[in-house]
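Please read the structure below before turning to the comments.
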Amino acid sequence: MISVLLVVVALVIIFFVVFQKRKNQLLIDKVNQQRKFDEELVKTQQEIQEETLKHVGRELHDNVGQMLILSTMQMNAAASVVKDDAKAKVENAASALRDSLEEVRALSKSLNSDVIFNLGFDSTVKNEVARLNKSGLIESKLLIQGEKVNFENKKDEIILFRILQEFFSNTLKYAEAEQLVVSLDYEEQFLNIIVEDNGKGFDVDKAEKGSGLLNMEKRAELLNATFQLTSQSENGTVLTLQYPYKNSFS
Numbered sequence: 001m002i003s004v005l006l007v008v009v010a011l012v013i014i015f016f017v018v019f020q021k022r023k024n025q026l027l028i029d030k031v032n033q034q035r036k037f038d039e040e041l042v043k044t045q046q047e048i049q050e051e052t053l054k055h056v057g058r059e060l061h062d063n064v065g066q067m068l069i070l071s072t073m074q075m076n077a078a079a080s081v082v083k084d085d086a087k088a089k090v091e092n093a094a095s096a097l098r099d100s101l102e103e104v105r106a107l108s109k110s111l112n113s114d115v116i117f118n119l120g121f122d123s124t125v126k127n128e129v130a131r132l133n134k135s136g137l138i139e140s141k142l143l144i145q146g147e148k149v150n151f152e153n154k155k156d157e158i159i160l161f162r163i164l165q166e167f168f169s170n171t172l173k174y175a176e177a178e179q180l181v182v183s184l185d186y187e188e189q190f191l192n193i194i195v196e197d198n199g200k201g202f203d204v205d206k207a208e209k210g211s212g213l214l215n216m217e218k219r220a221e222l223l224n225a226t227f228q229l230t231s232q233s234e235n236g237t238v239l240t241l242q243y244p245y246k247n248s249f250s
C-alpha cells in the first residue's frame, strides 16, 4: 500500500510539474505573440504615416510650390510697372513669397522619405537644422563626431529622423526655447544621438504621454535603440538615443 501510495504521489507531482511547465510555456507563447502583434502593428502604422507624409511632401512640392512660383513671377511683374510709392511694398511681398517658396521646398524634402533615402541621415538632419535656423524661431546647431558609418538598414535612417523631427516639433510648440543643439557621435558599434534645448522643461514623470512622446518611444523600440528623455523645470529637455547600426549588435 505504501509503495502504491508513493507511486500515486509521484505521478501527481509529475503531472503537476508538467502541467505547470505547459501552462508557463503557453503564457510565454501568448506574450511573445502579443509582442510580435504589437511590433507588426507599430510597423504598419509607421508605414502608413510615411506614405501620408510622402504624399503631403509631394503635394507641397508639386502643387503649393508651383502656385508660389507663379505668384512670385506675377509679383515680380507687378513690381516692374507699379509707381515708386508702391514699388517697395510689392518688392517686399515678392521677397516674402520667395522665402515662403524656399520654406515649402525644404519642408517637402523633410517629409518625403524618398528624399531622405537619397540624401542620407546626416544631410537630412543638416537640412532640417538649417531650416529651423532660417525660420528665425530658434537658434540651432549640429555637431558631428567620429567617422560616419553606413546603416545596415536604410529604413532606419527615416525612423531615426522622424524621432528627431518629433523632438524638434515639441521644442518649437511647447519649450519656449532659444537654442537647440543636435549631437551625432559615430562610434564603432553605435550611433549616439543627443538633442537638447534650453527651454522651460517639464516634469517627465508627471507629464501626460501624448502621441508625440509615444511615437518617439515606439520608433526607438523598432530600431532596438535605447531611448531616454530627461527634463527639469527651467533647465530644458534632453533626448538621448543609442542606435546600433548592425543587427548583430542589437
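First residue of the sequence shown: 1, per UniProt numbering; consecutive thereafter.
From the three backbone atoms N, C-alpha and C, an ideal C-beta is built for every residue, glycine too.
Quick check: the Cα distance between residue i and residue j, rounded to an integer number of angstroms?
i      : j      : result
Asn92  : Arg98  : 10 Å
Val4   : Ala220 : 59 Å
Arg105 : Thr52  : 17 Å
Glu176 : Ile194 : 19 Å
Asp84  : Ala78  : 12 Å
Gln74  : Val90  : 10 Å
Thr237 : Gln34  : 33 Å
Lys173 : Val115 : 25 Å
Leu137 : Asp29  : 50 Å
Leu27  : Lys21  : 10 Å
Val18  : Ile2   : 24 Å
Gln25  : Val12  : 20 Å
Asp203 : Asn215 : 19 Å
Asn150 : Thr226 : 19 Å
Gly120 : Gln232 : 33 Å
Glu234 : Glu217 : 24 Å
Val31  : Lys23  : 12 Å
Would the beta-carbon of residue i fall within 9 Å of that of residue j?
i      : j      : result
Thr124 : Glu157 : yes
Leu213 : Gln228 : no
Arg58  : Asn112 : yes
Ser140 : Gln179 : yes
Leu223 : Ile159 : yes
Tyr243 : Asn192 : yes
Lys154 : Phe117 : yes
Ser100 : Arg131 : no
Ala94  : Asn76  : yes
Within 9 Å of any Cβ in chain D, is that where the Cβ of residue i sits?
i      : result
Val149 : Absent from the structure: chain D. Only one protein chain is present.
According to DSSP, is residue i part of a helix, a strand, or is it coil?
i      : result
Ser231 : strand
Ser71  : helix
Leu60  : helix
Lys141 : strand
Phe249 : Here Phe249 scores only 39 on pLDDT, less than 50, and its place in the model should not be relied on; the value that follows carries that caveat. DSSP places Phe249 in helix when its eight states are reduced to three.
Val9   : helix
Val18  : helix
Val4   : helix
Ser238 : Note that residue 238 corresponds to Val in the displayed sequence, not to Ser. Note: Val238 maps to strand in three-state DSSP.
Asn92  : helix
Fully enclosed by the stretch 102-135, which alpha helix (DSSP H) runs are 4 residues long or longer? 113-119 and 121-135
Curious, which full-length beta strand (DSSP E) runs of at least 3 residues does the stretch 148-222 contain? 179-186 and 190-197
Segment contact flag, the stretch 144-154 with the stretch 167-186, C-beta cutoff 8 Å, min 3 pairs: yes
Counting Cβ pairs closer than 8 Å, one from the stretch 68-81 and one from the stretch 19-38, do we hit at least three? no
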